[in-house]
Each structure stands twice: as structure tokens, then as C-alpha cells.
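Visitor: Got a structure for you, questions after.
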Amino acid sequence: MEVGDRDFLNINALRDGKHDWVEANERMANVLSQKGYHYQFVFARNAVHVDRAVREQTLPEALEWVWRGYRPNF
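Positions in the sequence shown are counted from 1; adding 1 to them yields my numbering.
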């Protein structure tokens with residue numbers, strides 16, 4: 002999972018804990034960790050939603066992480 006500090010940035014958004022994408026992703030990562038799930042969390046500075054530069058920089062490592070330990074049956 003990845004979140005940028007400018008994901009859906011809206012300075013007029015309510016500060017009620019329901020409209021902050023960064024906080025929501027941090028909470029989700031915490032829950033996944035508590036439940037024992039394997040996950041990867043990327044926090045990107047100065048990045049917006051589906052930021053191309055972030056995607057290009059993190060995709061190769063994310064794919065390696067997803068496929069770690071995989072052994073094909075030939």
C-alpha cells in the first residue's frame with residue numbers, strides 16, 4: 002500500500018479523522034500488523050494520488066516483494 006502526503010489534499014477538509022488519506026493508510030497498516038498480515042507500506046513525500054514518479058520508483062521493488070519465495074512448478 003502507498004500513500005502520498007498530498008493524496009486528495011484539500012485544505013478545507015474536515016479534521017474529523019474520516020477525510021485524511023494518510024491517517025487512514027497508517028491506521029490500516031497498524032491493523033494489518035496487529036493481525037499478523039504481511040504488508041508493505043510506502044509513504045511518499047510531495048506525492049499526489051496515483052503519482053507517476055512514485056509508481057515508477059516503487060513498482061519494481063513492490064513486485065519483488067509480492068513474488069518473494071515463489072517457486073514455479075515446472
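Every residue gets a Cβ at the ideal spot worked out from N, C-alpha and C, and that includes glycine.
According to DSSP, simplified to helix, strand and coil, what is residue 48?
Guide: Reading the sequence shown from its first residue, position 47 is the one you call residue 48. Three-state result, residue 48: coil.
Visitor: Determine whether the beta carbon atoms of residue 47 and residue 8 lie at a separation below 8 Å.
Guide: If you number the sequence shown from 1, residue 47 lands on position 46. If you number the sequence shown from 1, residue 8 lands on position 7. For residue 47 and residue 8, no; Cβs fall outside 8 Å.
Visitor: What number of angstroms, rounded off, separates the C-alpha of residue 27 from the C-alpha of residue 49?
Guide: Position 26 of the sequence shown, counted from the first residue, corresponds to residue 27. Position 48 of the sequence shown, counted from the first residue, corresponds to residue 49. Distance between the alpha carbons of residue 27 and residue 49 is about 16 Å.
Visitor: Quick one, which of 52, 57, 2 has its alpha-carbon nearest residue 32's?
Guide: By 1-based counting over the sequence shown, the position of residue 32 is 31. For residue 32, the nearest C-alpha among the options comes from 2.
Visitor: Among 74, 67, 73, whose alpha-carbon lies nearest the alpha-carbon of residue 42?
Guide: For the purposes of this step, residue 42 is identified with residue 41 of the sequence shown, where counting begins at 1. Comparing Cα positions, the closest option is 67.
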